[in-house]
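Worksheet: one structure, shown below.
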Amino acid sequence: MKNFKYIILGAVLVLGSASCKKWLAVNADPDNPNNQSVQVQNRLPWIEHFYQYTAGVTNYRTSCQSGVYYTNSGNPNTFSTTWQCTNANSTTSYQTWFVEVSSNLVDMYNSAKKIGAYHYMAAADVFHALGYMEMLDLYGEMPYTQAGTGNPSPKPDDGKTIFNGCMAKLNEAISLLAKTQETGAPSLASGDLWSGGDLGKWTKMCWGLKARYMLKLSKKTDLYNADSILYCLSQGPQSNADNIVGPGFNNSTVTDYLYGDPVVTNGNFDYAAYGSSARISQYYYNLLTNMRGAGVIDPRMSKIVPAYMTGIQLDGSGKVASYTWTRSIGVDSYGPSARLVKGGATSIVTPVYAAANKNIKYTINDATDLANFIADQAAAGRPYTVNGNTVTVTYKAGSIYINSTNYVYAGDTVYVNLRSSAIATSGIPAQGQNDVNWYPSVDAFNAGAIASTGSFQVRPVSDQEILTYHEMNFIKAEVYMRKGDVANAYTAYTAAIQAHMDMMQAKLTSWAGTYGLTNPDMTPMNSGDVSAYISSTAVAPAGSLTMSDIMLQKYLAMGCSIENWNDMRRFNFSAGNVGSFGVVYPGYQRGPLFTGTAQLTGAGPTDVRYWMRRWALPPTYEINYNSVNTLALNPHATDPNIWSMPVWWDCATDDEYYGYLKK
Amino acid sequence: MRKWKLFSLIMFVMLNMITNDLKAQGVPISGTVLSEEGTPLAGVTVAIIGKNQAVVTDDNGKFTINVKAGSVLEFSYVGYSARKEKAAAGMEIHLSKEGSSQMSDVVVTAFGIKKERKALGYAVSDLNAAELMKNKNTNVINSLAGKVPGVNITQFSGSAGAGASITIRGGNSTSEGRQNQPLFVIDGIIYDNSTTVTGNTGTDGLSRSNTTFSNRVMDINPEDVETMSVLKGAAAAALYGSRAADGVVIITTKKGAEGKVSVSGTSKIASSSANKLPEVQTEFGPGTLSSNGVLNTASYNSWGPKIPADSSKYDNIGKFFQHGLVYDNNVNLSGGSKNGTFFLSGSNFKQTGIVPNTDYNKTTFRFNGEQRYNRLTVSANVAYSIADIDRTLTTAGLYGSGVGSMQALYTFPTTYNIKNYLNPDGSQYRIYSGTLPLEGDIDNPYWIINKDKLTSQTKRITGGINASYKITNWWDVNARLGYDQYATNDYTYIAPGSALAPLYQSGRLSKDLYNYSYVTTTVMTNFHKTFGDFDTHLMLGTTSENTNIVSQNHWGYNFVVPGTISFNNIATTNKFFTDGTTRKRLVGVYGEAGISYKNIAFLTVTERNDASSTLAVQNNSYYYPSVSGSFVFTELLHGNNILSFGKVRGSWARVGKDGNPYATLTYENPSISIGSFTGVGNQYYAGNPNLKPEIQDSWEVGAELRFMKNRIALDYTYYHSQTNNQIGQPRLAQSGGFIFSTLNSGSVINKGMEIALSGKPIITKDFSWDVMLNYSYNKGRLGAFIPGVAYFYPTDAQFGTIKAASIPNGGYFLGMTGTPYYRELDAKGNQIPNGRYQVDPTTGFYKVNTTGTAVVGNREPDFIGGFNNTVRYKNLSLSVLFDIRKGGDIFNGTEYALVANGLSKKTLLNDRQSVTVTGVNSQTGADFNQTYTVGQNYTIGSTTYSGAYMIQQYWQNYAANSNNFITSVNWVKVRSLSLTYDFSSILKGSKIIRAISATAVGTNLFTWTNYKGMDPEVSAAGGTGGSGSQGIDYLGVPAVRTFTFGINVSL
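Chains B and S are the protein sequences, given in the same order. For the first sequence, this note's numbering begins at 1 and goes up steadily by one. For the second sequence, this note's numbering begins at 664 and goes up steadily by one.
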């Protein structure tokens, strides 16, 4: 009897251990899908969105460097104004690319390969090229071959390796797009937020990107190949219909998991126009109002430069009864910078709304300033009293004004910021999806007092331009110009301007019936103004075309884009020492608020190290966490003047490049 | 479920195996029982363990009892600690009074096995109830501070309900998600001691540094504890295998005793107040200067003009904190008969915090019972507790803005009275309402504590059933089923009109549910046989553990109709819901074999094999062996009068630590919808499909010596441990594609020493003095780590300019990196230690190493110690516990914040009229000497700066240097001082009241320290795992000093 019980006990123990394995198999989270089970058609919209987000922050910050924008926000201000570049700028582009996108590319590629979804493999290749090329543009060297796969301390690669890797991926993408997918593989259309799965557009994008990237090699006599670029262009986008854009929406308040920004909006908006810090620079403003010294206002100007309401009169119910639209002027960082010199590099103040009459007393000791100030008040029609050197000004209810007792700031309302509102960011629940104006407060919204109409490329609902037909034409113009074929260059130059005008007009037309109802800057341009501009001397006449004409029109059209900074590096900014092209970006120079001597150590404009040529790697996420590998490849990665070290494609030869990486 | 079936079957088998009852054939032996002072004790119960046979000593302390050779006798007497001894003819037993600090000879070891101390090859420290009650703290962990060598306690903060963390012999895992706290085992059941953070850091403010969290051992009623055993080394804990690497604290709760029913109650009232507050300057008012010297007065910085003598200044910080009160009531009832005992207790602990509107309220119940049925003993225990915290946000933690009450309090300019926080219409009164948009403002601390509501409630039930069956007198079987379950409900309401991102300005609400449950089964069998002079034992067992956690988070924003705070009053599009399930299972098989020779030499080996669900399937089964031995050499030196006992011991063990659940896979984020598309992408945590357990190899040697008839005792240990295959989820290079990656990499090496010296300098009938002095140090180092990574930033413990960091390849485990000033260079281009500072000519200030990679400190103390004294004169006894620490760096982040915002008294230098920068030019190496004076202008580069602005910037530059806020801290604390008077003698003859005593206790009364900040003990993000946040003091609730008065009555 006793033995029998032991036998039972023993049997149970054996059974128990056999089922132990199964009992322990509980290490997969039942609430969250894992990376093995995600479908490719769900990966792709994620990748497209977060690439847009990466590109958005990159476009914004590099546009501060290239002089499109001024900002009073401390970190990007070191790009726009002081050039004392701070590596606090370095993190976001890097983090959004590597953390939010890169590992998904690997997983999408592998999942697509398993099911023969070649078009998704191609899409992974295209994003690989888009993202890593952008990282190369910014950081010069970083992990590439070992990146994005969970390797905890990936070794960095040099710029040449990254460049060639991206080109190879584009070639692979072109051949994969030509293949028929295996049966059962999801169509590209089911996951393509950008182009609806149009394989032709994707293929043209690959060729277009190849052209863009091969143009980067313009300093390299051995690698730059004009005919190859022209061939790529012949296979790339052929009209605005081939433009690749990321759409922006304003129909959700859902925010992203890492930065808390809305997930449906345009990525440029999230950085350039989410808050109140960014403004149009005087450099960009001048191109829009006085290109080639022609004194012609560009029809695109009022769509790009924001306006705000002045002279607001409220009616009995506190609503705006009358007002005047006042267009912003640009903030001068490179010229005399009179306003900034008075207050400091970041001193431009953001306006507020006066819900009730507001008196501000200013003390002005300088007699000239006092007289000018009083004259300004009189001109603006504001009530004021003067008592010795103090002036008390009344900002009437409804005013958009600067709430500071410092008279230097009082006129800062003329620097209208680029801010635009989305339902996820406005904090004004009553502000509907079709109103993307910026109102400084709920009171201002209730009254209808608009403090900014926003800017064409950076509203939540703006298209985010990834690759456009007008850029292709500008590339073509530059390449022909370099070949000395001015006639073909001229054709491409005018086609580029026309293409950009057409693209804007189409978008403005599509906005007019919704957003245009509350925002005059979201309605079409006057078509007469467009043709008048094209025939004016703001556009170079045939025969007198210069490289500067091409590049400045390109700069104007690209606007919020990293490509301007890339182009400027290729032309050594305003040094005027590239080929026989002279000064391509006249007026772009260190301003009186320049303090970046430690970052930009070159002695003069023709010294390579005089300019901003790359970003330092993120101080924490790469340098601190991967310092040994980072410094092994580039011992200067943590030097203060890393900001002026050219990246590989910005060097004429490999010897020059590897010379920088030496100890 | 399968385990449960197995368990029932074994119970069934046991119940049916009633075999022949071996009769004990006894021989009579006699002995004497004496007090420590040597006076005979009459009426002591002498019982044979495991039999229902007992006698009582006579007036001369003599007894005679029939026993079989090898039996163990238990001696028990009211007011004295019970003792067990092997029966021997002519034995002389000395009983010590309860509460005296002499170490008992029997200690509780792994799986509750009681062993003779002399048989142990490793160090075990234990504390009894009386010692715990001397400075009772509602968190039993805190009562260990200063009393046990090798144990380091860190209190999270001074707020009501704040927990504490405990580490033994240093930490073994660096990563923040990895706990280095020991396993807690209560009456044989593993008891969860996590500090769980529910909810969302960004949107609820619920992160470790932003509000108050308890550690779950606080759910235990300290009055229920009979003994606590601290198993420090791996050898001691080896039987727990993959749960043993951080040591084990074994708690045994009280049981009833045979005899009449007794009732006892205690009632305490305590008052606590802030120990020390940050000091702020009151001479200069609010403002921030721009570079040209123009002042912006709408500022929370205090760089403004001198405050006129006739204008009001407010002691906002001093008036903010209140006296906290504690009401602590306990009652217990116990008793028993020949075959059964019971213990029943209830308690309530009600505390109001020093921050208004915060409190902690804990109610507990416990039942322990035991019943014997011949050879079968069945015991059961169950404890229930409810713990509520009303808490506040302390520092920034809300997306968009939100600074928390402490941060706001330490920031507000002293020219504003923060008590004025409401407008007549009930909205928040904001001092800069016209200037700062709400999202750019900071909330008034009174708004935060009065309008926001943050609560946490935990209900917990823990229980177990234990059956043991004695098959023969040398073989028994034990089975146990344990259950631990709690539910935490967290509620966070942020009032409309708070300074948050615009989206949340109409109020937000979140509710988090966290349900933890744990079931464990253990079956164990013991054999014990004596062969001549050799005594042997063998134990075999198996255990299973099943942990299941279900969590839910609900949150939303924008209440549609003001005043109704409910999800029902939030639009569907603005409310969100997430679910979590965590499962973890483990099966272990273990055994122990021991042999001893004549009480002289002891040898024990253990082995355990674990399989854990958290590891990669191919790597999930592991062996953990240990061997330990001791040699009592005094057994060979008969009749030594000075050295009464001497033993040397040594052990080697391998233990481990399994992973966290789900770390073998990479998971996805919640999907996003854009247009008609749905996107899914990876989370920023990378899984590891090859995860292995951490393996710790350790050895220790030690000695135990007692002199002069045990009047003086010395215990010495030296240990060394190395933990390899460290499991971590460190922040690593993001180019890997993730922020955190789960890895097995690197090793942690700990070595240290522990010394405990105890003595009884004076023992007389009326007067006695007991002393215990302990000393320990640990040196924790990070060994090799992932190649190419120079710093391991384990935690979110990054405050001000410093980061907690472990430094690979032999660097500090508890290091800190920061941003010091550069010093002048020698000819080789290296910085000269203590050389002059470099001055950056482009800024005019000292040049800061902003890479953040400079190692600026080691947070581990050189040594810690305790000095515990009990002096008794007749019925009055006085205990005083000193807590000593030497060295260990602390970052004073609060002072950092005050310097940066212009409230620090330091910034009053030269009445803010001038500052001088001296050093060497960082570009040319030339001497640099420049004074910046108010009223002057300075041109640097092409910009002209006003002198006043340069003085403000001087202090920003000062704040940027981490080293300005790091101190190597020493302290001596009077951790507790307690005075007890025993009125029992007055009651002689009372039939009702058996004992009555009164106690007055002061806790944290005095601290002598070189630390200039608040309290050096507070850590900024309490409960952070890995190398944690100890040594970082940042805008916390000040530590408290407490006075308690209590009465204890026994019926």
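Positions of the beta carbon are idealized from the N, C-alpha and C atoms, including for glycine.
Looking at the secondary structure, which residues open and close the alpha helix (DSSP H) in which residue i lies?
i	result
B:Ala492	486-512
S:Leu1561	1556-1564
S:Asn1620	1610-1623
B:Gly159	159-177
B:Asp369	367-380
S:Gln1070	1068-1072
B:Gln95	91-95
Is the Cβ-Cβ distance between residue i and residue j less than 8 Å?
i	j	result
B:Ile623	B:Thr638	yes
S:Ala908	S:Ala897	yes
B:Ser302	B:Arg327	yes
B:Leu193	B:Ala123	no
S:Ser1285	S:Ser905	Contrary to the premise, residue 1285 of chain S reads as Tyr rather than Ser in this sequence. Contact: yes.
B:Thr494	B:Val539	yes
B:Ala272	B:Leu418	yes
B:Ala489	B:Met481	yes
S:Met891	S:Leu795	yes
B:Pro635	B:Gln599	no
S:Asp1115	S:Leu1056	yes
S:Val636	S:Val803	With chain S covering 664 to 1714 only, the question about residue 636 of chain S has no answer from this structure.
S:Gly1515	B:Thr620	yes
Whose C-alpha, out of the options, is nearest the C-alpha of residue i?
i	options	result
S:Val1718	S:Ser1259, S:Ser788, S:Ser954	Since the first and last residues shown for chain S are 664 and 1714, residue 1718 of chain S lies out of range.
B:Thr203	B:Pro635, B:Ala652, B:Ala178, B:Leu287	B:Ala178
S:Asn1237	S:Arg1248, S:Gly1226, S:His1301, S:Phe1222	S:Phe1222
S:Thr1074	S:Ile932, S:Ala1059, S:Leu1085	S:Ala1059
B:Asp655	B:Gly260, B:Lys220, B:Met167, B:Thr595	B:Lys220
B:Asn446	B:Ile550, B:Gly344, B:Ala321	B:Ala321
Can you list, in chain order, the residues of its chain whose CB lies under 6 Å from that of residue i, leaving out five sequence neighbours each side?
i	result
S:Thr772	Lys778
B:Val393	Ile360, Gln377, Arg382, Tyr384
S:Glu921	Gly999
Just reading off the beta strand (DSSP E) that residue i is part of, what are its end residues?
i	result
S:Asn1011	1003-1015
S:Glu755	754-758
S:Met1479	1478-1481
Taking 8 Å as the limit between beta carbons, can you name the residues of its chain near residue i, skipping five residues before and five after?
i	result
S:Tyr1536	Asp1429, Phe1430
S:Leu685	Summary for S:Leu685: the model assigns pLDDT 33, below 50, so the residue's position carries little reliability; its value from the coordinates is reported in the next sentence. Excluding sequence neighbours, S:Leu685 sits near Thr1135, Asn1136.
S:Leu940	Ile980, Gly981, Phe984, Met1677, Pro1701
Minimum length 3: unbroken beta strand (DSSP E) runs contained in the stretch 1028-1065 of chain S: 1039-1054
Could you tell me which whole beta strand (DSSP E) segments of length 3 or greater appear in the stretch 1342-1414 of chain S? 1357-1370, 1375-1387
Could you tell me which uninterrupted beta strand (DSSP E) segments, each at least 3 residues in length, are contained entirely in the stretch 524-556 of chain B, listed from first to last along the chain? Taking only runs of at least 3 residues, no beta strand (DSSP E) segment lies wholly in the stretch 524-556 of chain B.
Please list the segments of the beta strand (DSSP E) lying wholly inside the stretch 778-834 of chain S, counting only runs of 3 or more residues, in order along the chain. Within the stretch 778-834 of chain S, the complete beta strand (DSSP E) segments at least 3 residues long are 787-791, 814-818, 827-831, listed from N- to C-terminus.
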